[in-house]
Structures are given as structure tokens and as C-alpha cells.
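Engineer: Count the sequence shown with our numbering and you get residues 22 to 201, in order.
Okay, here's the structure, questions in a sec.
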Amino acid sequence: MSYHPTQSYSHGSTFNSPTRRRLPLECYRPAGWKNSITRPHLHAPIFFDYPGQARQGVSMRELRLKGTSATIQGANDLVFAHTGLQRVVFRLIWPGYEHVEWCRALPVVAPNGAPITRVALGLQIASNFAHFVEKSQYETPTAREWMITPTCVRFEHLFLVSLQNTSEGIWQADVALDLC
Numbered sequence: 022m023s024y025h026p027t028q029s030y031s032h033g034s035t036f037n038s039p040t041r042r043r044l045p046l047e048c049y050r051p052a053g054w055k056n057s058i059t060r061p062h063l064h065a066p067i068f069f070d071y072p073g074q075a076r077q078g079v080s081m082r083e084l085r086l087k088g089t090s091a092t093i094q095g096a097n098d099l100v101f102a103h104t105g106l107q108r109v110v111f112r113l114i115w116p117g118y119e120h121v122e123w124c125r126a127l128p129v130v131a132p133n134g135a136p137i138t139r140v141a142l143g144l145q146i147a148s149n150f151a152h153f154v155e156k157s158q159y160e161t162p163t164a165r166e167w168m169i170t171p172t173c174v175r176f177e178h179l180f181l182v183s184l185q186n187t188s189e190g191i192w193q194a195d196v197a198l199d200l201c
């Protein structure tokens with residue numbers, strides 16, 4: 022894996038829950054990517070919120086349990102309708118687990134050719150995180166602060182705040198943890 026970590030997309034949002042905190046987002050940058058004035062066009066972030074709770078995120082566990090019937094703000098919005106994209110590359114880089122490669126192509130059109138909805142996209146992202154957590158709990162982390170184990174960080178702690186287009190063709194999730 023080749024990436025150049027950069028901390029990014031800290032929107033400065035504060036969470037209503039005193040036990041919720043943001044997972045640091047290490048943005049993937051392809052080898053040879055240069056910080057320059059002529060950056061490629063990046064799409065706007067796609068946010069995932071409960072109605073009336075802006076920038077708080079939605080429970081990934083709830084997304085997995087309720088599927089497309091999960092109650093989220095703008096659930097039926099066709100989030101990629103005007104992009105022309107058929108799929109996006111989703112990368113997950115977890116602090117301390119950078120050695121666990123996670124890169125998947127996510128379809129952003131439904132089988133009928135229509136763009137997928139916000140809730141369907143959220144479900145795909147939550148499913149990827151569930152599989153990543155399942156795989157990573159048996160890996161040895163390089164840092165313990167964000168360690169994925171049954172006694173530390175678990176899937177049910179994860180909240181999807183947004184999906185960010187971090188570099189050309191690459192999308193990453195902005196995630197919060199609610200550690201009660």
C-alpha cells in the first residue's frame with residue numbers, strides 16, 4: 022500500500038454526546054500525488070445525519086440492522102445523481118491498522134441504472150466497516166489508542182458522519198466513536 026497520510030476533514034463539529042469523538046482521518050494519497058495548486062476536482066462530502074441532528078453521524082450498527090428502512094435525513098436523496106459515476110473507490114485507513122489493506126469498489130448505481138440513495142450508500146459503508154472490524158480484531162495494531170477488540174473499540178461504537186472525496190477517485194469515511 023502506498024499512501025501519504027495527512028490529517029484532514031476535521032470539520033470542527035462538536036458532538037452532542039460527551040462520549041463521542043472523531044476518529045482521525047488519514048487521507049489516502051496515491052504514490053506520485055503532488056500537493057499543487059492544480060488539484061483535481063473533488064466532489065462535495067456526503068453527510069449522514071439523523072433528522073434534526075446535523076453533523077452528529079448515524080449509527081453504523083443501526084444502518085446494518087435496519088438497512089434501507091433506517092431513519093436518516095435525506096435517506097432517499099440520489100447522492101451521486103449528477104456525477105456520472107458508476108462506482109467509487111472506498112478506502113479505509115484505521116489509526117494503528119495502516120498495515121491492514123482495505124480498498125473496495127462500491128457501486129453507486131442501483132441494478133436498474135438509477136443512482137443509489139443516501140441510505141443505500143450508508144449501508145454499503147457500514148457493511149465495509151463491519152467486515153473491516155471483524156478482520157482487524159485479530160491483527161496487532163501499531164498504536165493502542167484506537168485498538169479494535171471486544172474490550173476496546175467495537176463495531177457498535179461507530180457512527181458514520183460523512184463520506185469524503187479525499188483524492189481523485191478515492192472516497193473515505195469520516196467516522197466518530199461513541200464510547201460510553
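All C-beta atoms in this analysis are idealised placements derived from N, C-alpha and C, irrespective of residue type, glycine included.
Identify the residues that DSSP records as bridge partners of V174: which are they?
Structural biologist: By one-based count along the sequence shown, residue 174 stands at place 153. According to DSSP, which records beta bridges pairwise, V174 is partnered with I169.
Engineer: Assuming contact is defined by CB atoms lying nearer than 9 Å, are L99 and A147 in contact in what I supplied?
Structural biologist: The residue labelled residue 99 in the question sits at position 78 within the sequence shown. The residue labelled residue 147 in the question sits at position 126 within the sequence shown. No. Outside cutoff.
Engineer: Can you list, in chain order, the residues of its chain with a C-beta nearer than 7 Å to that of P39? Leave out the 5 residues immediately preceding and following it.
Structural biologist: If you number the sequence shown from 1, residue 39 lands on position 18. Taken in chain order, the list of residues that qualify is empty.
Engineer: Using the beta-carbon count (16 or more within 10 Å), is Y193 buried or exposed?
Structural biologist: As a first step, residue 193 is located in the sequence shown; it is residue number 172 there, counting from the start. Note on identity: in this sequence residue 193 is Gln, with Tyr being the wrong assignment. Classification for Q193: buried.
Engineer: Expressed to the nearest angstrom, what Euclidean distance is found between the alpha-carbon atoms of Y159 and C173?
Structural biologist: Residue numbering aside, residue 159 sits at position 138 when the sequence shown is read from its first letter. Residue numbering aside, residue 173 sits at position 152 when the sequence shown is read from its first letter. Approximately 13 Å, taken between the alpha carbons.
Engineer: Please report how far the alpha carbon of H103 lies from the alpha carbon of Y118, in whole angstroms.
Structural biologist: As a first step, residue 103 is located in the sequence shown; it is residue number 82 there, counting from the start. As a first step, residue 118 is located in the sequence shown; it is residue number 97 there, counting from the start. Using only the alpha carbons, I get a separation of about 34 Å.
Engineer: Nearest-angstrom Cα distance between T164 and A91?
Structural biologist: Translated into positions along the sequence shown, residue 164 becomes position 143. Translated into positions along the sequence shown, residue 91 becomes position 70. The sequence given here places Ala at residue 164; Thr does not occur at that position. A164 and A91: Cα-Cα distance of roughly 34 Å.
Engineer: What residue range does the alpha helix (DSSP H) around N186 cover?
Structural biologist: Against the sequence shown, residue 186 aligns to sequence position 165. Segment 179-188 is the beta strand (DSSP E) holding N186; no alpha helix (DSSP H) there.
Engineer: Would D195 pass as a contact of P51 if the rule is Cβ separation under 9 Å?
Structural biologist: By one-based count along the sequence shown, residue 195 stands at place 174. By one-based count along the sequence shown, residue 51 stands at place 30. Against a cut-off of 9 Å, the Cβ pair of P51 and D195 comes out as no contact.
Engineer: Leaving out the 5 sequence neighbours to the left and right, which residues in its chain are closer than 7 Å to R108 when beta-carbon positions are compared?
Structural biologist: Taking the sequence shown and counting its residues from 1, one reaches residue 108 at position 87. If we look at R108 and ignore the five residues flanking it on each side, its Cβ neighbours are A126, L127, P128, V129.
Engineer: Quick check on T40: does DSSP put it in helix, strand or coil?
Structural biologist: Here the question's residue 40 lines up with position 19 in the sequence shown. Of the three classes helix, strand and coil, the one that applies to T40 here is coil, per DSSP.
Engineer: Consult DSSP for Q145 and reduce its assignment to one of helix, strand or coil.
Structural biologist: Numbered from 1 along the sequence shown, position 124 holds the residue referred to as residue 145. In the structure shown, Q145 sits in a helix (DSSP, three-state: H, G or I).
Engineer: Measure how close the beta-carbons of S80 and W115 come, nearest whole angstrom, since I'm counting them as under 8 Å.
Structural biologist: Here residue 80 refers to the residue found at position 59 of the sequence shown. Here residue 115 refers to the residue found at position 94 of the sequence shown. The Cβ separation is near 18 Å, so there is no contact.
Engineer: Identify which residue in H120, G134, N97, H178 has its Cα closest to the Cα of G143.
Structural biologist: Counting from one through the sequence shown, the residue named residue 143 turns up at place 122. Among H120, G134, N97, H178, the Cα nearest to that of G143 belongs to N97.
Engineer: Helix, strand or coil: which one does DSSP assign to F150?
Structural biologist: As a first step, residue 150 is located in the sequence shown; it is residue number 129 there, counting from the start. If DSSP states are grouped into helix, strand and coil, F150 belongs with the helices.
Engineer: Any idea what DSSP makes of V196, helix, strand or coil?
Structural biologist: As a working note, residue 196 is residue 175 in the sequence shown. If DSSP states are grouped into helix, strand and coil, V196 belongs with the strands.
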